[in-house]
Amino acid sequence: MVNLRKHFVTLVLSIVIAVSVLTGCARKEEPISQLPTEMGSLPQMDSAAVEEEPLPTMQNYVSGTQEYENFPKRPNYMPGEEVDYIVQAGDTLPALAARFNTSESEIRAANPIIPMEVTTLPPGMPMKIPIYYRSLWGNPYQILPDGLFPFGPAQIGFNARSFVDRQPGWFKYYTAYTGDNNRRGGEIIDYIAENYSISPRLLLALLEYRTGALSSPTRPENIDSDSVMGFGGVNSKHLAAQMNRLSNYLNEKFYQYREGNLLEYTLTDGSIVRIDPWQNAASAAIQHYFSEILSPNEFYYAISEAGFIATYKSLFGEFPEQTDFIPGSLTQPEFTLPFEVGKSWAFTGGPHAAWGDSAPYSAIDFAPPTAASGCVYSDEWVTAPADGVIVRTDFGVAVLDLDGDGDERTGWNIFFLHLLTSSIPPKGTVLKQGQPIGHPSCDGGTSTGTHVHLARKYNGEWISAGGVIPFEFDNWRVENGAGPYLGSIRRYSSIVIASESAEYMSLIHHGPPLVPTQTPTAKPK
Numbered sequence: 003m004v005n006l007r008k009h010f011v012t013l014v015l016s017i018v019i020a021v022s023v024l025t026g027c028a029r030k031e032e033p034i035s036q037l038p039t040e041m042g043s044l045p046q047m048d049s050a051a052v053e054e055e056p057l058p059t060m061q062n063y064v065s066g067t068q069e070y071e072n073f074p075k076r077p078n079y080m081p082g083e084e085v086d087y088i089v090q091a092g093d094t095l096p097a098l099a100a101r102f103n104t105s106e107s108e109i110r111a112a113n114p115i116i117p118m119e120v121t122t123l124p125p126g127m128p129m130k131i132p133i134y135y136r137s138l139w140g141n142p143y144q145i146l147p148d149g150l151f152p153f154g155p156a157q158i159g160f161n162a163r164s165f166v167d168r169q170p171g172w173f174k175y176y177t178a179y180t181g182d183n184n185r186r187g188g189e190i191i192d193y194i195a196e197n198y199s200i201s202p203r204l205l206l207a208l209l210e211y212r213t214g215a216l217s218s219p220t221r222p223e224n225i226d227s228d229s230v231m232g233f234g235g236v237n238s239k240h241l242a243a244q245m246n247r248l249s250n251y252l253n254e255k256f257y258q259y260r261e262g263n264l265l266e267y268t269l270t271d272g273s274i275v276r277i278d279p280w281q282n283a284a285s286a287a288i289q290h291y292f293s294e295i296l297s298p299n300e301f302y303y304a305i306s307e308a309g310f311i312a313t314y315k316s317l318f319g320e321f322p323e324q325t326d327f328i329p330g331s332l333t334q335p336e337f338t339l340p341f342e343v344g345k346s347w348a349f350t351g352g353p354h355a356a357w358g359d360s361a362p363y364s365a366i367d368f369a370p371p372t373a374a375s376g377c378v379y380s381d382e383w384v385t386a387p388a389d390g391v392i393v394r395t396d397f398g399v400a401v402l403d404l405d406g407d408g409d410e411r412t413g414w415n416i417f418f419l420h421l422l423t424s425s426i427p428p429k430g431t432v433l434k435q436g437q438p439i440g441h442p443s444c445d446g447g448t449s450t451g452t453h454v455h456l457a458r459k460y461n462g463e464w465i466s467a468g469g470v471i472p473f474e475f476d477n478w479r480v481e482n483g484a485g486p487y488l489g490s491i492r493r494y495s496s497i498v499i500a501s502e503s504a505e506y507m508s509l510i511h512h513g514p515p516l517v518p519t520q521t522p523t524a525k526p527k
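First residue of the sequence shown? That's 3 in the working numbering, and the numbers climb one at a time after it.
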């Protein structure tokens, strides 16, 4: 803390006025997509047809009549026994240590080939992992490859609206007000998938498994209840709201497992299941979801080869051969701070949700100096941290694609939120590092003060802001805190603590440290 004060004391001399006006700029809530407020009209059936064929309910589409609890069990390993493991895309040492109940140092000792600076491990690499056995391990069957979970390369060429419109089910007629627009059927899924960066195929398959939305021409009578996808709450009575909640939930569990923070779940009968250490993140997320909403019998069936994934394959066929999209030793390109050189902004939000209200904590916030607190106009510019092209814009939103292919599902992308909509360059605009991308504002999502919110994606996966591949700008490196919006950003011995009140200790100067010029004192004779 002493070093921190020394670093900022000269900074304050130059920007004391900015400090006084920054106080009060804050962002307290995560961006939440607009939930639907109404249900569109659907084709009407005559009363005779209704009497002859009762309306189906969700239970018609979820089987629980067969026992699937007899899955292959792991042996009781001796403490520290080395087991074989093949690296899966996105694996990291901290996560593997948590899943196998061991330590990073023990894994490194068993695998001396692993470099000290490793981030992600190379998919397909064989390893030995010292394991410390836990009881109650769950089904090792992998439901869905991780590469088919995000809105990534595997989703290129797929359009949910076109797909839904070709199906015989009732969902193509469903309409709801979502994301400031009235949307229908597959358009809702496309919008949700794009913003949460989650597979539209996965969402559609889960919707079909629960409701028959794509195959049944008759809409279930309880489709507007919070039991449809399992999420309660006053604002979750409509199906589109349920799909928002589902996407938020699945993302949370996928990234928690990916980072080693999700190890078990509890079935509806109270029994505990510890996730198999060899399991992958997508399967762990799906297992966790079904554990919350199904009876044990229905759960074991749903996570088996005969359950949910059979529905998925009936819609979309067998998995593609290429499903590994996170390479080994992944590193972020060189970024510069997202505001103009010579300016000082406040670091107002440590790692928190990019979209929604839960993990992954891949976003951070910066606020400019303003004349007043709250949502006020700022003529300061948010700038491009790297060269790229604008591939998507929306209310308050811009996505900067860094690999030049014009598709946010591939390579590195930076997601910006709360940009002043009228200041965002048009889609297709090519930007150089440091060029303006828009003014900070409160547009989009929910905000209590003018600022910019930004997050990174690689091949469709959100990258944790303070994880093994931390956000880094001009050697300023983001670090996690004890919870969302907390944390810090560090450069060498200088540490800036995130503060929603934008106090002077949270200021970051873009450029060389502000050091006042001093005349050396002559040595006495």
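Beta carbons are placed, not taken as given, at the ideal position from N, Cα and C, and that holds for glycine.
Counting the other Cβ atoms within 10 Å of the Cβ of Leu216 gives 16 or more, which makes it buried.
In the structure shown, Ile194 falls within a helical segment according to DSSP collapsed to helix, strand and coil. In the structure shown, Phe368 falls within a strand segment according to DSSP collapsed to helix, strand and coil. Per DSSP, Lys315 is one residue of the alpha helix (DSSP H) stretching across 310-318. Setting aside the 5 residues that flank it on each side, Phe102 is surrounded in the same chain by Ile131, Ile133, Pro279, each with a C-beta closer than 6 Å to its C-beta; the list follows chain order. DSSP places Ile131 within a strand segment (E or B) once states are collapsed to three. Here Gly188 carries a helix assignment [DSSP, helix/strand/coil]. Between the C-alpha atoms of Ala286 and His354 there is a straight-line separation of about 22 Å.
With 16 or more other Cβ atoms inside 10 Å of its own Cβ, Asn461 counts as buried. Within the DSSP bridge table, the entry for Ile491 names Val480, Val498 as partners.
With fewer than 16 other beta carbons inside 10 angstroms of its own, Pro77 counts as exposed. Residue Gly352 holds the alpha-carbon nearest to the alpha-carbon of Ser503 among Gly352, Asn72, Thr270. Counting C-beta atoms within 10 angstroms of its own C-beta, Ile439 has 16 or more neighbours from the protein chains shown and is therefore classed as buried. Inclusion of Gly390 and Ile295 in the CB contact set at 8 Å is not warranted, their separation being larger than that value. Pro219 is positioned such that its CB atom lies no closer than 8 Å to that of Thr213. With contacts defined as CB atoms closer than 8 Å, Ala284 and Leu150 qualify as a contacting pair. CA-to-CA, the gap between Tyr135 and Ala99 works out to about 12 Å. Counted as a single uninterrupted DSSP element, the alpha helix (DSSP H) harbouring His290 occupies residues 283-295. Taking one beta carbon from each stretch, the region 377-396 and the region 421-441 have 3 or more pairs nearer than 8 Å; the two touch. Judged by DSSP secondary structure, Phe417 falls within the beta strand (DSSP E) whose first and last residues are 414-419. Within the model, the alpha-carbon separation for Thr423 versus Thr350 is close to 21 Å.
Around the beta-carbon of Ile225, 16 or more other beta-carbon atoms lie within 10 Å, marking it buried. Sixteen is the threshold: when 16 or more other Cβ atoms of the shown chains lie within 10 Å of the Cβ of Arg247, as they do, the residue is buried. Distance between Trp347 and Glu505, taken at the CA atoms: about 10 Å. Non-local beta-carbon contacts of Pro370 in its own chain, meaning distances under 6 Å to residues more than five positions away in sequence, involve Trp347, Ser380, Glu382, Pro442 in chain order. Looking at the DSSP output, Phe349 bridges to Phe368.
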